[in-house]
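Have a look at the structure below before the remarks.
Chains as they are written, first to last, in this note's numbering: chain A, 522 to 866; chain B, 97 to 517.
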């Protein structure tokens, strides 16, 4: 983490993301921001609010509802020498751009042997918990982590959201940032029937003003413990903390933050210490990112394991509307898994 | 309309669906070629436009055909004034060298020196003509049939052959297929194998130029078949919405492997008219007429540099050869079509023009052709000395792990070690 020390300010995740854009645009004239409703209106989640007014329509503008065209144009801008920061309105809408992302952005450096590069950032709100149904709730991280040439990040709090976005904008390669939309306005532990919490009382809601970055590829241990290692990211970081309290087990909770590249060292060190591992994500189970984590832990920590590695994930169904909380891997399901893994002999 | 499709008459009982139609080419092997559905216009008929003319002034060019040269080599009309004698000489040389290079590489493929090659036989005027309308600093986003750009820009053919042979001196170190070149210093964007993706990228590059208040332009190319991709439509829309300084060149060579342009809707409306439907000024141009190609691109480039945005250009041409060395067109089209194409061959037509106007003699042209042949033979000898991938003389194996990212991540370092490097 590199940091120019400054005052901190309470920010929710939206304000932190907006601030990151502002800092990057102020520092570098080549940073341009665009997406559907991202210009005048400032985005449906308001993450780019005020940027057009401050920097003009050439640096922050609206785009047609055409995701492939948006990313394709961004790739061309990056080839020219700009640093495009693209907002795709919902991660569910990103698939029309999958060809441009997976076979163009991710491959341009390699196929041109370094003559051309593609330093673009694509931000998109991910995950559920907002009654968004199957087209506003999905977690498509695994379709990007399977693509070499990309970097894939998922912050779980305002501090990381700002620091990772600035780091991504400065990165020389294409970066996808999945922003858990349920966390925009406050940490969410998965208790949908309890009062909303804001970021103001949370340590990571205290965000430095000005420039700092969070290093891409570094996980963060949010709770140290000895009984079991919990690997999670995004929404699930908060769910896992609640589940740890419910289960009353001494879990070590690791917020991966960066899925590609992955902080294998942090994972390996922790699992070798605890001998047990629970992997939690909101995305569907089969071929999800958890499968890769499970394989890596097995390859590297097999002789240290004292119990089978366990996954807690969304079910293999489309994201339902009425049954949202049955789908969502909440603290009760995670707590049960923690107990089971810790008690396994 | 560009009616390069058979009239809808059902002759086979099995094809009697309720109005269901699958387009058919006018002629299959053994049948007589028929180009009568294509509007061929006439040389010199369409008036010269002002580069800053309003978009409505382009309307006559959507369905008619901009032509300068007639079939006897004579130039007609004011568009001819946009092309100088020096341009013609430069273009002829580049077109002849392109063809000589292709011939050499087709032979090399048959000799087993490379697994794969794609020629641009009959389409040389388009890439060469468009390139003469560009300046250093502009960026072209080609498909695999615009190698003419590289000959117009002066790339050393040996370097291209090194890539075709994926040898030790391959500039891309074996990472990309033969013919999918990348030459940034010559304003030539890395070619993708996925069709159509370059179209919105070229538009984005041009948007960046406009954002930076630069006068550089982009040139995008796409084949008739790939216009069916969503990227073509989105790119056209973005070019129009953001007024991007880009020349949007549809190379309509009638065939996408074995299907005709009718599968991209060409018999319903011209590509020029369809680009115009996005609000773009658009021209339909004889792609086998170097003078018409260069004149159209020069005017369009001038317009784009002046801040008036994109121009869509449909080049009417014919794919004389197979799609690639892996294709055999005798299986699906009448071979007489090649010689029957009503707009002839671009090199033959430019040669004739040079001779009838006295710009060059037949002997001088003959020398040009012989020199090109010698140049390509010698380049090939040098490239072969650098090795052939199929003879086990390819690029360094370890190079495959490099350049996935700016900095090699831990997982790749590990895998590289596992692979034995």
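C-beta: ideal position from N, C-alpha, C; glycine also.
Remember, predicted model here, so these are calculated numbers, not experimental data.
First through last residue of the alpha helix (DSSP H) which encompasses residue i
i: residue 194 (chain B); result: 181-206
i: residue 398 (chain B); result: 386-399
i: residue 345 (chain B); result: Counting along the chain, residue 345 (chain B) falls outside any alpha helix (DSSP H), though it belongs to the beta strand (DSSP E) covering 342-348.
i: residue 84 (chain B); result: Only positions 97 to 517 of chain B appear in this structure, which leaves residue 84 (chain B) out of reach.
i: residue 294 (chain B); result: 294-307
i: residue 861 (chain A); result: 852-864
i: residue 597 (chain A); result: 588-601
i: residue 448 (chain B); result: 442-452
Interface flag, residue i vs chain B, CB-CB below 9 Å
i: residue 634 (chain A); result: yes
i: residue 783 (chain A); result: yes
i: residue 710 (chain A); result: no
i: residue 766 (chain A); result: no
i: residue 823 (chain A); result: no
i: residue 838 (chain A); result: no
i: residue 815 (chain A); result: no
i: residue 734 (chain A); result: no
i: residue 739 (chain A); result: no
i: residue 527 (chain A); result: no
One or two residues paired with residue i in a DSSP bridge
i: residue 380 (chain B); result: B:410
i: residue 798 (chain A); result: A:750
i: residue 565 (chain A); result: Looking at the DSSP assignment, residue 565 (chain A) forms no beta bridge with any residue, so it has no partner.
i: residue 727 (chain A); result: A:531
i: residue 674 (chain A); result: A:698, A:779
i: residue 161 (chain B); result: Note: residue 161 (chain B) sits in no beta bridge, so no partner.
i: residue 643 (chain A); result: A:607, A:697
i: residue 236 (chain B); result: B:284, B:315
i: residue 482 (chain B); result: BP columns for residue 482 (chain B) are empty, so no partner.
i: residue 648 (chain A); result: Note: residue 648 (chain A) sits in no beta bridge, so no partner.
8 Å contact criterion, which residue i and residue j should meet: CB distance rounded
i: residue 317 (chain B); j: residue 347 (chain B); result: 6 Å
i: residue 554 (chain A); j: residue 606 (chain A); result: 5 Å
i: residue 679 (chain A); j: residue 533 (chain A); result: 6 Å
i: residue 654 (chain A); j: residue 840 (chain A); result: 7 Å
i: residue 139 (chain B); j: residue 163 (chain B); result: 4 Å
i: residue 337 (chain B); j: residue 585 (chain A); result: 6 Å
i: residue 743 (chain A); j: residue 852 (chain A); result: Not quite, the Cβ-Cβ distance comes to about 15 Å (not below 8 Å), so this is no contact.
i: residue 464 (chain B); j: residue 181 (chain B); result: So it is not a contact: roughly 15 Å between Cβ atoms.
i: residue 670 (chain A); j: residue 631 (chain A); result: 6 Å
Bounding residues of the beta strand (DSSP E) (the contiguous stretch that carries residue i)
i: residue 697 (chain A); result: 696-701
i: residue 822 (chain A); result: Counting along the chain, residue 822 (chain A) falls outside any beta strand (DSSP E), though it belongs to the alpha helix (DSSP H) covering 810-822.
i: residue 317 (chain B); result: 314-319
i: residue 582 (chain A); result: 581-583
i: residue 553 (chain A); result: 552-556
i: residue 244 (chain B); result: Residue 244 (chain B) -> not in any beta strand (DSSP E); alpha helix (DSSP H) instead, spanning 244-249.
i: residue 741 (chain A); result: 741-744
i: residue 835 (chain A); result: 831-835
DSSP-derived helix/strand/coil call for residue i
i: residue 175 (chain B); result: helix
i: residue 279 (chain B); result: strand
i: residue 771 (chain A); result: coil
i: residue 608 (chain A); result: strand
i: residue 328 (chain B); result: helix
i: residue 523 (chain A); result: With a pLDDT of only 49 at residue 523 (chain A), under the threshold of 50, the placement of this residue in the model should not be trusted; the figure read from the coordinates follows. Looking at residue 523 (chain A) - three-state DSSP - the assignment turns out to be strand.
i: residue 761 (chain A); result: helix
i: residue 709 (chain A); result: coil
i: residue 167 (chain B); result: coil
i: residue 434 (chain B); result: helix
i: residue 506 (chain B); result: helix
i: residue 875 (chain A); result: Residue 875 (chain A) is absent from the structure shown; chain A starts at 522 and stops at 866.
i: residue 828 (chain A); result: coil
i: residue 426 (chain B); result: helix
i: residue 263 (chain B); result: strand
Min CB distance residue i to chain A below 9 Å
i: residue 307 (chain B); result: yes
i: residue 293 (chain B); result: yes
i: residue 205 (chain B); result: no
i: residue 507 (chain B); result: yes
i: residue 385 (chain B); result: no
i: residue 324 (chain B); result: no
i: residue 334 (chain B); result: yes
i: residue 518 (chain B); result: The requested residue 518 (chain B) is not part of the displayed model; chain B covers only 97 to 517.
i: residue 327 (chain B); result: yes
i: residue 212 (chain B); result: no
Heavy atom of the ligand ADP within 8 Å of residue i beta-carbon
i: residue 532 (chain A); result: Among the components modelled here there is no ligand, and therefore nothing to report on the ligand ADP.
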